[in-house]
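**Student:** Okay, so the sequence shown: first residue is 91 according to our numbering, each after it adds one. All C-beta atoms in this analysis are idealised placements derived from N, C-alpha and C, irrespective of residue type, glycine included.
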Amino acid sequence: MNKRIFLWLLLAAALFVLGYSGYRFYEVQQVYAIADVLYNELRDQVLTDDGEQDDSDRALGIPAKGIDWARLREINPDTIGWLYSPGTVIDYPVMRADDYSYYLNRLPDRTFNANGSLFLDYNHRPDFSSPISVIYGHHMRSGAMFGTLESYRRQSFFEDHPVMFLYTPRRNYRIDLMYGFVVAEGQWRARAFMFEPNLPSLLNYAAENTTFRSEVTFTEGDRLMGLSTCSYDFNGARFVVLGILRP
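1) Could you tell me the alpha carbon to alpha carbon distance between PRO216 and ARG186, rounded to whole angstroms?
2) Between PHE202, ASN213, GLY151, which has its C-alpha nearest PHE285's C-alpha?
3) Does DSSP put VAL136 in a helix, a strand or coil?
4) Once you ignore the five residues that flank TRP278 on each side, which residues in its own chain have a CB closer than 7 Å to its CB?
5) How far does the alpha helix (DSSP H) with SER207 in it reach, from first residue to last?
6) In angstroms with no decimal places, state the Cα-to-Cα distance between PRO153 and LEU173.
7) What residues in its chain sit with their C-beta under 7 Å from that of ARG264, if we drop five residues either side in the sequence?
8) Considering just the uninterrupted stretch of the beta strand (DSSP E) at ARG313, what are its terminal residues?
9) Could you give the DSSP three-state label for ILE180: helix, strand or coil?
10) Of the choices THR301, CYS320, THR300, GLY333, whose alpha-carbon is the least far from that of THR309?
11) What does the alpha-carbon distance come out to for the pair GLU298 and GLU164?
12) My parser needs the alpha helix (DSSP H) runs of 4 or more residues fully inside the region 127-171; what are they?
13) Apply the 10 Å Cβ neighbour rule to TYR182 and answer buried if 16 or more other Cβ atoms are within range, or exposed otherwise.
14) Residues bridged to GLY270 by DSSP?
15) Tell me whether ASP199 sits in a helix, a strand or coil according to DSSP, three-state version.
16) On the criterion of 16 or more Cβ atoms from any shown chain inside 10 Å, does ARG196 qualify as buried, or is it exposed?
17) Among all the DSSP beta bridges, which residues are the ones paired with PHE255?
18) Quick one: residues in its chain with C-beta nearer than 8 Å to the C-beta of LEU128, no 5 flanking neighbours on either side, listed in chain order?
19) Assuming PHE236 contacts GLY270 under a Cβ cut-off of 8 Å, what Cβ separation, rounded to an integer in Å, is found between them?
20) Using the Cα positions of ILE180 and LEU137, report the straight-line distance between them to the nearest angstrom.
21) Taking only the alpha-carbon atoms, compute the straight-line gap between THR169 and LEU162 and give it to the nearest angstrom.
22) Taking the alpha helix (DSSP H) that SER191 falls in, what are its first and last residues?
23) Please name the residue, chosen from ASN205, ALA296, TYR322, that lies closest to VAL331 on a Cα-to-Cα basis.
24) Under a Cβ-count criterion, where at least 16 other Cβ atoms within 10 Å of its own Cβ denotes burial, should GLU249 be classed as buried or exposed?
Laid out in structure tokens, this is it:
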């Protein structure tokens with residue numbers, strides 16, 4: 091093979107790789123765009139301007155948020171709540187299925203999409219009355235879903251966003267954030283951190299590995315809320331933010 095033919099083949103290969111990479115980038119962006127459109131349309135359909143606060147909401151500083159729960163349940167009866175973090179992109183419904191995989195790649199209308207949905211651990215009660223409730227969500231590179239959770243690696247971010255809010259059909263909650271930490275998925279499951287008997291071990295691990303310092307403390311009878319997403323520290327890493335659920 092002479093040098094000219096080799097160079098042409100090399101150029102063709104480079105163009106193919108470039109073209110395929112561009113196609114894959116376009117494809118990923120389309121996935122992001124489809125999810126963004128659906129979530130925006132969903133907010134337009136179910137978020138209203140007539141949000142009311144009762145005395146307990148006012149006492150906890152929970153923002154008024156009008157949510158048409160009947161419409162949400164009509165779209166998908168698996169909807170159990172709405173998670174909101176002021177000043178971030180986290181403003182999403184929370185789903186619950188009977189396994190860990192269903193909503194990993196499904197939007198709230200059940201269509202397949204890599205963004206997936208926020209969903210509650212199926213081992214926990216759908217009314218968030220379990221001693222610990224864990225919500226899972228993807229760490230999207232676009233920043234969507236739980237893409238901003240890892241910002242809690244910075245003390246300054248925590249100080250700007252020390253609380254989140256969970257809305258449900260029956261009552262609303264403030265989540266006072268307490269710890270942020272990295273944990274291996276295998277360790278999380280092996281030590282069964284999502285179950286009540288292992289909460290002391292979870293709290294010890296979180297305290298020893300937290301990425302920010304908070305004055306929030308756990309007392310007997312408090313309910314814990316965990317928010318978990320993928321991390322890129324190592325293969326199978328998870329970043330978890332842990333807080334107290336204040337009804």
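**Tutor:** Let's see:
1) Rounded to the nearest angstrom, the two C-alpha atoms are 7 Å apart.
2) Looking at the Cα atoms, ASN213 is the closest of the given residues.
3) In this structure, VAL136 counts as helix in the three-state DSSP scheme.
4) Spatial neighbours of TRP278 in its own chain (CB-CB distance under 7 Å, excluding positions within 5 residues in sequence) are listed in chain order as ARG328.
5) It is not in any alpha helix (DSSP H) - SER207 carries neither H nor E in the DSSP assignment.
6) If you take the alpha carbons of PRO153 and LEU173, they lie about 12 Å apart.
7) For ARG264, the CB contacts under 7 Å within the same chain, skipping 5 residues up- and downstream, are LEU150, GLY151, ILE152, VAL253, PHE255, ARG336 in chain order.
8) 313-320 is the extent of the beta strand (DSSP E) around ARG313.
9) ILE180: coil per DSSP, three-state reduction.
10) Ranking THR301, CYS320, THR300, GLY333 by Cα distance to THR309 puts GLY333 first.
11) For the pair GLU298 and GLU164, the Cα-to-Cα distance works out to about 44 Å.
12) Complete alpha helix (DSSP H) runs here, min 4: 145-150, 159-165.
13) Buried: at least 16 other Cβ atoms inside 10 Å.
14) Beta-bridge pairing links GLY270 to VAL331.
15) It is coil, neither helix nor strand.
16) It counts as buried.
17) In the DSSP output, where bridge partners are listed per residue, PHE255 has TYR174, ARG264.
18) Only residues of its own chain outside the window of five on either side were considered, and among them LEU197, PRO198, ASP199, THR201, ASN203 have a CB closer than 8 Å to the CB of LEU128, listed in chain order.
19) With a Cβ gap of about 12 Å, PHE236 and GLY270 do not count as contacting.
20) If you take the alpha carbons of ILE180 and LEU137, they lie about 14 Å apart.
21) Spanning the two alpha carbons is a distance of roughly 7 Å.
22) Unbroken run through SER191: none, as it is neither H nor E.
23) The closest CA to that of VAL331, considering only ASN205, ALA296, TYR322, is found on ALA296.
24) With fewer than 16 Cβ atoms within 10 Å of its Cβ, GLU249 is classed as exposed.
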